[in-house]
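Visitor: For the sequence shown, counting from 1, position 80 maps to 81 in my numbering; every step adds exactly one.
For each residue, glycine too, the CB sits at the ideal point set by N, CA and C.
Treat the numbers as computed from the prediction; the structure is a model and nothing was measured.
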Amino acid sequence: MARDSPPLSSKRISYLGPEGTFTDQACHVYAPDGWERVGYPEMHRVLGALEDGEVDEAIAPIENSVGGAVIDIEDFLIRSSSVQIKGELLLSIEQCLIAHPGVDLSEIKIVRSKPEALSQCRMFLDAHIPDAIRVGTASTVEAAYSVRTGPREVAAVGPQRAADLVGLPVIRSSIQDRKNNVTRFVILADADYEPTGSDKTSIAFSFMNRDTPGQLYMALEPFARRNINLTKIESRPTGDELGNYVFLLDFIGHRTDPEISETLEGLRELAPLVKVLGSYPVASETH
Numbered sequence: 002m003a004r005d006s007p008p009l010s011s012k013r014i015s016y017l018g019p020e021g022t023f024t025d026q027a028c029h030v031y032a033p034d035g036w037e038r039v040g041y042p043e044m045h046r047v048l049g050a051l052e053d054g055e056v057d058e059a060i061a062p063i064e065n066s067v068g069g070a071v072i073d074i075e076d077f078l079i080r081s082s083s084v085q086i087k088g089e090l091l092l093s094i095e096q097c098l099i100a101h102p103g104v105d106l107s108e109i110k111i112v113r114s115k116p117e118a119l120s121q122c123r124m125f126l127d128a129h130i131p132d133a134i135r136v137g138t139a140s141t142v143e144a145a146y147s148v149r150t151g152p153r154e155v156a157a158v159g160p161q162r163a164a165d166l167v168g169l170p171v172i173r174s175s176i177q178d179r180k181n182n183v184t185r186f187v188i189l190a191d192a193d194y195e196p197t198g199s200d201k202t203s204i205a206f207s208f209m210n211r212d213t214p215g216q217l218y219m220a221l222e223p224f225a226r227r228n229i230n231l232t233k234i235e236s237r238p239t240g241d242e243l244g245n246y247v248f249l250l251d252f253i254g255h256r257t258d259p260e261i262s263e264t265l266e267g268l269r270e271l272a273p274l275v276k277v278l279g280s281y282p283v284a285s286e287t288h
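#1: Out of curiosity, what's the CA-to-CA distance linking proline 33 and threonine 138?
#2: So the alpha helix (DSSP H) valine 30 belongs to, where does it begin and stop?
#3: Any contact between the region 177 to 191 and the region 89 to 102? By contact I mean 3 or more CB pairs, one from each, below 8 Å.
#4: For leucine 169 and isoleucine 204, what's the separation of their Cα atoms in angstroms?
#5: Quick test of the definition: if touching needs 3 or more C-beta pairs under 8 Å, does the region 32 to 49 touch the region 155 to 165?
#6: Between Val171, Asn230, Cys122, which lies nearest to alanine 145 when the distance is taken from Cα to Cα?
#7: Quick one: Cα of threonine 197 to Cα of aspartate 57, how far?
#8: Report all residues from its chain with a CB closer than 8 Å to the CB of phenylalanine 23; omit the five preceding and five following residues, and keep chain order.
#9: Quick one: measure Cβ to Cβ for alanine 157 and valine 112, integer angstroms, because I've assumed they're closer than 8 Å.
#10: So what does DSSP say about tyrosine 194, is it helix, strand or coil?
#11: Between the beta-carbon of glycine 279 and the beta-carbon of tyrosine 194, is there less than 9 Å?
#12: Put threonine 257 into one of helix, strand or coil per three-state DSSP.
#13: Within the continuous alpha helix (DSSP H) that includes glutamate 75, where are the two ends?
#14: At which residues does the alpha helix (DSSP H) containing serine 15 begin and terminate?
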């Protein structure tokens, strides 16, 4: 992924820590060694550090191929007035079952991890330890540490790196429901990225309860007419009234491309709220 040219030592990037999380792994892939990586234990602090100017950029998961959208990140982007998407990164996710040495699956009574990680391994957990209580944690590494300090009946779901960090064995590897499990991360900053010729744009729009037949069709038809490829569409409740939604749309092209600019201008005539969340280079590979 292309990056800006300021001296590497001047850059600070926030991520969901501690060391060993998938977001930490994605941060190492994206940020050069000269950058200062600043880990926070909660995602709202990762994002708050960017809004408050404590860091230059932030990296956060926004979508998983199994679990779907990370709604907290989507909602943050919809409401933030100072943050845009300037990049994306695709990371292959392999989940492992971490436990004390010599533990048999039949001994496990509690499984801890991030809710997203637990949902990605639902089939394995249902089949092999269906009676184990599933407990959510802030990160996969926190879950792994809780195993190290807990009784033998506690296990965790997380990456191999988390197991290595806490000094515990992996008793089952690659337990995610789908082997092509990929998480899409977004790079956030105070401005998006200049056109590269291979770009994606993310927007949010809402009709603000001006409900008329064919409204969504009229909003999307110009994209098809101009041959603009939509890569994602979903909706989120606005939170102010039942039945009022914000639509989130990803499509190929940069906001400054003439056909994109014209399409967005037309959309603004239909929808009172149209917000460009950012234009950025399309991720070219999965790490």
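Guide: With the structure as the only source:
#1: Rounded to whole angstroms, proline 33 to threonine 138 spans 29 Å at the Cα level.
#2: Element bounds for valine 30: 23 to 31.
#3: Output reads yes: the region 89 to 102 touches the region 177 to 191.
#4: Each residue's alpha carbon lies about 43 Å from the other.
#5: No, the region 32 to 49 does not touch the region 155 to 165.
#6: When only C-alpha atoms are compared, the closest one is Val171.
#7: Between threonine 197 and aspartate 57, the alpha-carbon positions lie close to 21 Å from each other.
#8: Cβ-Cβ distances below 8 Å link phenylalanine 23 to Pro62, Leu92, Ile94, Thr141, Pro160, Thr184 in the same chain, with the five nearest sequence neighbours on each side left out; the list follows chain order.
#9: 7 Å between Cβ atoms; contact.
#10: Coil.
#11: Contact flag set, yes.
#12: Residue state, collapsed to three classes: coil.
#13: Segment 72 to 80, the alpha helix (DSSP H) holding glutamate 75.
#14: No alpha helix (DSSP H) holds serine 15; the beta strand (DSSP E) holding it covers 13 to 17.
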